[in-house]
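Asker: In terms of my numbering, the sequence shown has 113 at position 107, counting the first letter as 1, and numbering is strictly consecutive.
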Amino acid sequence: MDSAPTTMEQARVSVSYDEVVVWVRAFAAQVAENKEYLTQLDAAIGDADHGINMNRGMSAVVVKLDEAAGEQDIGALLKTVGMTLVSSVGGAGGPLYGTLFLQMGTAASGKTELGPDDWAAALEAGIKGVEARGKAEPGDKTMIDALLPGLEALRSALDGGASFEDALTASAEAAGQGMRDTIPLVAKKGRASYLGERSAGHQDPGATSSTMLLETAAATWGGRGGAESPTRGLGGTNG
Ligand code: ADP
Ligand code: MG
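Shown next, in the form of structure tokens:
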């Protein structure tokens, strides 16, 4: 650091295995902190368990991470996260998040670090897995409505020559916008779809937790997009 020739920080070129672990832990912490909030959102249009489900799953993941200390394969790590979520969480959210991480892990198989394009490819594979499993399309008021804009913003920022950090920030912001844009939507998938038109006027819980996932990536790897993120302010249940 003190040998840097200018005051500008070195642009990040990749994330290491350990940094992926830090991100997964940060997401687990974010979910724990927002457990009540996510559950309240699900109470409005579902069965009031999304925060409980996600917290149960991510708590189990943290235990697995402790056991996996010393590994180096990011793909194997992400697959472990996915399998742990599938086996520890019921309902729709667990298997869908499980698939997201499993497919990310398959895309990142054998990698000991992820460059921006590796991250975009992993995210895309994860989203494709969620789409294949849940059959949700954009606008159906699901986690896809946060994840897909997050991926598209990441890609277009990178294509436009943005740094990895700036692309991560753009990705988190787009996910947050997608999350807020679920409010007026009528749910077409999952429990919320049972409410029909009455699902309109409420923010989707899964889109909210998915925004947290991309925000924690931006915060962990880019040093931004966490503390002042729009997601955290909305619940009002946690400081
Ligand atoms: P459950 O609906 O079984 O109670 P959760 O409450 O944990 O499970 O998760 C609900 C979230 O799962 C929804 O807010 C939505 O974002 C997401 N979801 C539900 N069904 C689908 C689907 N078919 N495709 C994508 N996401 C879905
Ligand atoms: Mg639920």
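Backbone N, C-alpha and C fix where the C-beta goes; we use that ideal spot for every residue, glycine too.
M7: buried (16+ other C-beta within 10 angstroms of its C-beta) or exposed?
Answerer: Confidence in M7 is poor, its pLDDT being 45 and thus under 50, which makes the residue's placement unreliable; the coordinate value appears in the next sentence. The residue in question, M7, is exposed, as its Cβ has fewer than 16 Cβ neighbours within 10 Å.
Asker: Mind checking Y103: buried by the 16 CB within 10 Å criterion, or exposed?
Answerer: Result: buried.
Asker: When burial is assigned at 16 or more other CB atoms within 10 Å of the CB, is D24 buried or exposed?
Answerer: Exposed: under 16 other Cβ atoms inside 10 Å.
Asker: What are the boundary residues of the alpha helix (DSSP H) that Q109 is part of?
Answerer: Where Q109 is concerned, the enclosing alpha helix (DSSP H) stretches over 99–113.
Asker: Ligand 2 and D146: does any heavy atom of the ligand fall closer than 7 Å to the residue's C-beta?
Answerer: Checking the Cβ of D146 against ligand 2 gives no.
Asker: From A126 to M185, what does the alpha carbon distance come to, in whole angstroms?
Answerer: Approximately 19 Å between the Cα atoms of the pair.
Asker: Compute the Euclidean distance between the alpha carbons of G212 and A17, then round it to the nearest angstrom.
Answerer: The alpha-carbon atoms of G212 and A17 are separated by roughly 32 Å.
Asker: Are there any heavy atoms of ligand 1 lying less than 7 Å away from the beta-carbon of G99, as far as the coordinates show?
Answerer: G99: yes, Cβ under 7 Å from ligand 1.
Asker: How far does the alpha helix (DSSP H) with E77 in it reach, from first residue to last?
Answerer: First-last for E77: undefined, no H or E at that position.
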